[in-house]
Every structure is written in C-alpha cells, then in structure tokens.
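Report on the structure given below.
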Amino acid sequence: MDGTNPNRPREITFRHAILRKFTTWMLGLTGVFIGITWLAIGDADVTEIAGGLILQILALVPIGWFIWQHLEGQIDLKRFFRGSHSSIPLLHLILLVILILLVSYGLDILMLDLVNTWNTAFVEDVLEVEILSADQSAGINILTFILAVVMAPLMEELVFRGLILQRLMVKYGPTSAIWASSLLFGLLHFDALFSASLFGVVMCLFFLKTKNLWVPIFVHWTNNATVLGLDFWMQSKQLKTLDALDQYSWFALILIVAIPASIYLIRKWWPANDCLLPYEISNIEAP
Numbered sequence: 410m411d412g413t414n415p416n417r418p419r420e421i422t423f424r425h426a427i428l429r430k431f432t433t434w435m436l437g438l439t440g441v442f443i444g445i446t447w448l449a450i451g452d453a454d455v456t457e458i459a460g461g462l463i464l465q466i467l468a469l470v471p472i473g474w475f476i477w478q479h480l481e482g483q484i485d486l487k488r489f490f491r492g493s494h495s496s497i498p499l500l501h502l503i504l505l506v507i508l509i510l511l512v513s514y515g516l517d518i519l520m521l522d523l524v525n526t527w528n529t530a531f532v533e534d535v536l537e538v539e540i541l542s543a544d545q546s547a548g549i550n551i552l553t554f555i556l557a558v559v560m561a562p563l564m565e566e567l568v569f570r571g572l573i574l575q576r577l578m579v580k581y582g583p584t585s586a587i588w589a590s591s592l593l594f595g596l597l598h599f600d601a602l603f604s605a606s607l608f609g610v611v612m613c614l615f616f617l618k619t620k621n622l623w624v625p626i627f628v629h630w631t632n633n634a635t636v637l638g639l640d641f642w643m644q645s646k647q648l649k650t651l652d653a654l655d656q657y658s659w660f661a662l663i664l665i666v667a668i669p670a671s672i673y674l675i676r677k678w679w680p681a682n683d684c685l686l687p688y689e690i691s692n693i694e695a696p
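Each residue of the sequence shown is one higher than the one before, counting from 410 in this note's numbering.
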C-alpha cells in the first residue's frame, strides 16, 4: 500500500516503471560487457586485481543509463542537486561524518570478531583483501582509487538514493523506501551488511533533509577514502591479521556511545509519510 498522500499529484518521472527500465538496461549492458571481456581475455587466467578492476569498471554502467535518460528528457539530473546543503550546518555535517565512520568501523570489527568464532577462514579471506597495495603498479593503484573513491560513490548514490529510494517512496512511502533501499545497498556490500545498511539509512536521511544529492555523495567519498587509507596503512603496519584484530576489539566499545547518537539522529530526521520527493521539491523551487 502506498504510504503517501493519494490526493497529491506525484512526480511522473518516478510513477512509471522506471526501475524495470533501469534493470533491463543493467542486465543487457552487463551481458554485453561480460561477453566482450570474455572475448578479449579468452582462457587466460584473471588475477584478483584484474577481476576487481573489471567489477569496478562494470559499476560505471549505471552512470551511462542516467546520462542516456537525461539526454532523452526522461530524467533531469540537475534536479537531484538543487536542494540547499546549508540545511545542515558545516560543523554538524563534519561531526555526523565522524560519527558515521566510527559506527561503520566499529560494527565491521564487531561482526568480524563474531564471525571469527565459527568461521575463521572467512575472516582471514576478508583480511587478506588488498584494495591498494605496494605490490601493484602506481597506475593500478591510482585507477583503483578513482573507481572506488570517486566513481563508485557517485554511481551508488544516483542508483540507491536518487533512483531506488524515490521510486519506492512513490509506491510504498518513505519508511519502507528507506529501509528497503538501504538493505539492498547493504546486500551489495555483503561482507559489511550491517554497517553498510546503516550507512545507507543515514545517506537517505541526508538526501531527504537537504534535497541535494551532493551531500550524501560527499559523505560517501569521505567514507571510501577513509576506508582505503586505513586499509593501506594497516597493510603497511602488518595489522590485517587475526592477532591484530583482537587488539582492535576495544574499538567496538565506541559503539556504546555512537549507536545511541545514531539512533537519535535517525529519529530526529525521519521524514513524515507525506513528505515530497527531493526531485519534486527541486522542480517546485526551480526558476
């Protein structure tokens, strides 16, 4: 059942089956991309680094869909970015970003500790993943950084907050839309399901609060850059081991303070059932 006001006309862009069009585009181009990659590589062994880069490049496909829809006049990309970021004071935004990073990192450590009690092999595999590495060429590291820190957040915010959140808001209302889109976002980051889902909820609230997709994109950039920086530093100090993980278990204690603060933020910013889409408000406010 639609949780929004049925008497208010809704933005036509998100009333039609836009998600089905997007899914069809993704399946089609993904198949083409995989086919071209297979023809180019053939039976050659694909290294873990090359495989990771292929997946990162594949993640750029959704951006192509948004550009195509914009050029066709189906979506006005400018209306994702017309809201005012000043609705959140800069100092508050900085503090909130720090809070999100603490919660995400604390949850990841806590979950790895819990999983380690029955599946040590999985935790070892997670810890062995090297996103940036001194053993890779500078060019590969730079390309990985650009794809993971710059392009992936841009794509994910357009898809999960710009498209999925707003489409589901029209169909089911904001509460269901926030949780569903955030859970899908968490499933995409399955090795960090809980922290990624919570991160997705907060990004939804940032977008609905400011009506400007640049705000969650900026926070997402900051998060990914911090994660890559910490990952590279821990590799250089040989801290990505099971023994080192035990030393960082105290970090989970931060959650005692950080989680209640996050719950307070979520409750304070949670939208009303009849709230307008950011895309709608941008249309109203446009000159």
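Yeah, the Cβ is synthetic: ideal placement off N, Cα and C, and Gly gets one too.
Top-ranked residue by Cα proximity to residue i, from the options
i, options, result
"E689", "H629, P625, M578, D640", "M578"
"V559", "E481, A634, Q644", "A634"
"A468", "R576, A561, T584", "A561"
"C684", "G440, T584, L637, G444", "T584"
"L486", "R429, S604, W623, Y514", "W623"
"G582", "F431, R429, T433, L686", "L686"
"T631", "F431, L510, Q483, G609", "L510"
"G492", "A586, H479, F615", "F615"
"L374", "V628, V610, F431, Y673", "For the chain, the structure presents residues 410 to 696; residue 374 sits outside this window and is missing."
"D640", "V611, Q483, V535, I675", "V535"
"L662", "I503, A605, Y514", "Y514"
"H425", "E481, L637, K580, W642", "K580"
"D544", "Q644, M435, Y673, L674", "Q644"
Coil, strand or helix - residue i by DSSP
i, result
"D517", "helix"
"I540", "coil"
"C684", "coil"
"S585", "helix"
"A557", "helix"
"Q478", "helix"
"H425", "coil"
"P696", "Low confidence applies here, because P696 scores a pLDDT of 47, under 50, leaving its location unreliable and the question unanswered by this model."
"N550", "helix"
"R491", "coil"
"K677", "helix"
"F430", "It is worth fixing the name first, because residue 430 is Lys in this sequence and not Phe. Of the three classes helix, strand and coil, the one that applies to K430 here is helix, per DSSP."
"T631", "helix"
"P471", "helix"
C-beta contact flag for residue i and residue j at 8 Å
i, j, result
"V506", "A667", "no"
"A670", "L516", "no"
"L664", "L523", "no"
"M564", "P625", "no"
"R576", "I427", "yes"
"L602", "A586", "no"
"S606", "S591", "yes"
Exercise for review: Taking 8 Å as the threshold, find out whether the region 542-557 comes into contact with the region 566-580 through three or more Cβ pairs.
Suggested key: no
Exercise for review: Count the CB pairs spanning the region 608-624 and the region 530-542 that are closer than 8 Å, and state whether there are at least three.
Suggested key: no
Check your understanding: Just checking, does the region 678-685 make contact with the region 522-537 on the three C-beta pairs under 8 Å criterion?
Key -> no
Check your understanding: Taking three-plus beta-carbon pairs below 8 Å as touching, is the region 592-600 in contact with the region 470-481?
Key -> no
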